[in-house]
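The structure appears below as structure tokens.
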Amino acid sequence: MLLAGRFSTEELYDENAKWIYLDCTKGPGSRLVHATLNMNVSVILSSIDVHPIVRSFFDLGEKSINYDGHNRPLLSIQVTELIDGIFIGFTMNHSLVDGNSQWHFINSFSEIFLQLSQSQGNDTIHITRKPVFDSYFPDGWGPVLKLPNIGIKRSVPKSVDPVVLRDRIFHFSSESISLIKAQTNKECGVHNISSFQALSGLMWRSITRARNLQAEHETSCGLAINARPRFSPPLTNNYFGNLSIRQQSICNVGELLNKGFGWAAMLLHQIVVSQDDKKVHEFYEIIVKLLCGPPNDPGMGNPFYSPNFVMIGGSTRFDMYGPEFGLGKAQAVLAGYCNKEDGKITPSLGREGDGSVDFEVCLKPETMNALELDEEFIGIVELK
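The opening residue of the sequence shown carries number 908 in this note's numbering; numbering runs sequentially from there.
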């Protein structure tokens, strides 16, 4: 299986290059960890901010990077036994999977578990969505992507942002979401801005205001977008891999705050609907230039993270509360600390399943404090 292998690097000395590939026969396989903690579920879930102990529920730790897949598991599952419940932490290498494939795996894993526990000797297992592992390379790409041989110390940064951040979950009821969506579409004179885009516009504007930036400063909001249906012809949503692209909208702070959050939502809506086969290929061309450009190229910087950014990575379309492992429906979905930084938002459907949404928001303490006092924002969100 893909997630049981390790990465390997082959040097192409004649070309002063190298390429990285997945070796399914390398290493001892995936990792399963059993841990115990003398703590009640209620203590973890009643914390205003995400409880700091949650970081320890994920095996590979916050300092892991994708390149570590050369000698560390590509998949690790840690089951932490609490006093009155369990926490199952799934950690996967982001080079191999995006959110779509991660939740596809978790749901399939749940199906296998439930069928085995009820099989009574019947070994036939049925998976609702069979993953597609066939390699896919758009025209003109792959299968070997040659990287400049600049040395591991230059190509893989190991530093971790030392800034202390607050991490809090904000809950939006289905009623409040309907109101936000209606107001957003009314402001813009349209009917096609989605609930998610309306919420994203609200968050971008509220966080930017909480940062107390100068009007002439630049701000951006980025979205992680599933590229599978945007290829021509489209790929099935069961395609297993990392096919998430990032796109962003940029404007001045003053412009964003002087207009309603409907205007911000419209900017994001335009970004989403414009993503087609051509745009997806342009994204990957940028990635290749970043990875394979000259070693001394100051680099194009990072075109996907502008100053004062808000990054929304994840989707309310993922089935997060469907998977079960013998103890009933999950009480909460929490994310590990890896891949979190100031301005990162991780959305998920609310546990109620009635259209409510949870946004896990990661901000500097002073920004989070200001957001919690923002009258427009607090008038919409539900707090603990």
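For every residue, glycine included, the Cβ atom is placed at its ideal position computed from N, Cα and C.
Scanning the stretch 1093-1128 from its first residue to its last, the whole alpha helix (DSSP H) runs of 4-plus residues come out as 1102-1117. If you look at Lys1251, you'll find it in the beta strand (DSSP E) that goes 1251-1256. Counting only unbroken stretches of 4 or more residues, the alpha helix (DSSP H) elements lying wholly within the stretch 1171-1238 are 1184-1199, in sequence order. The DSSP-derived three-state label of Phe1266 is strand. If you check the CB distance, Asp1074 and Val957 come in under 8 Å. Assignment of Pro1141 by DSSP, reduced to helix, strand and coil, places it in the coil class.
Arg962 sits in a helix when the DSSP states are folded into three classes. Annotation for Phe1012: the continuous alpha helix (DSSP H) segment containing it runs 1006-1024. A straight-line Cα-Cα distance of about 26 Å links Leu982 and Arg1258.
Per DSSP, the beta-bridge partners of Glu988 are Thr943, Ile993. As DSSP reads the structure, Asn1159 sits in a beta bridge with Glu1125. Around the C-beta of Pro935, fewer than 16 other C-beta atoms lie within 10 Å, and the residue is accordingly described as exposed.
In this model, Ala1131 and Gly1233 are separated by some 32 Å (Cα to Cα). Proximity to Leu1164 across Arg1137, Phe1147, His1124 peaks at His1124, based on C-alpha coordinates. At the C-beta level, Leu929 and Leu944 stay beyond 8 Å of one another. Rounded to the nearest whole angstrom, the C-alpha separation of Tyr1146 and Arg1036 is 10 Å.
CA-to-CA, the gap between His1176 and Ser1139 works out to about 21 Å. Under DSSP, Trp926 takes part in a beta bridge, and its partners are Glu917.
For Leu1052, the three-state secondary structure derived from DSSP is coil. Under DSSP, Ile1152 forms a beta bridge with Ile1132. Take Tyr1228, set aside five residues on each side of it, and the residues of its chain with a beta-carbon closer than 8 Å to its own are Lys1236, Ala1237, Val1240, Leu1256, Arg1258, Gly1260, in chain order. When Ile951, Glu1192, Ile1114, Lys1088 are compared, the shortest CA-CA separation from Ala1105 is found for Lys1088. Put simply, the backbone Cα of Thr987 is about 23 Å away from that of Val1004. Around the beta carbon of Glu1267, 16 or more other beta carbons lie within 10 angstroms, which makes this residue buried. One Cα belongs to Ala911, the other to Gln985, and the distance between them is close to 15 Å. Ranked by how close their Cα comes to the Cα of Asp966, the residues Ser1181, Asn1144, Val940 have Val940 in first place. Ser1085 and Glu1162 have their alpha carbons spaced roughly 25 Å apart.
Collapsing the DSSP output to three states places Val948 in a helix. Around the beta carbon of Asn978, fewer than 16 other beta carbons sit within 10 angstroms, so the residue counts as exposed. Going by DSSP, Phe1040 is part of no beta strand (DSSP E) at all; its letter is neither H nor E. Distances from the alpha-carbon of Trp926 to those of Gly996, Pro1055, Asn1007 put Pro1055 closest. In this structure Ile1157 is in contact with Ser1213, their Cβ atoms being roughly 6 Å apart against a cut-off of 8 Å. Of Asn923, Asn1215, Ser1263, Val1097, the smallest CA-CA separation from Arg1224 is found for Ser1263. With fewer than 16 other beta carbons inside 10 angstroms of its own, Asp1041 counts as exposed. Close CB contacts of Pro1038 within its chain, under the 6 Å cut and outside five residues either way in sequence, are with Asn1145, Phe1147 (chain order). Annotated three-state conformation of Asp1261 is coil, per DSSP.
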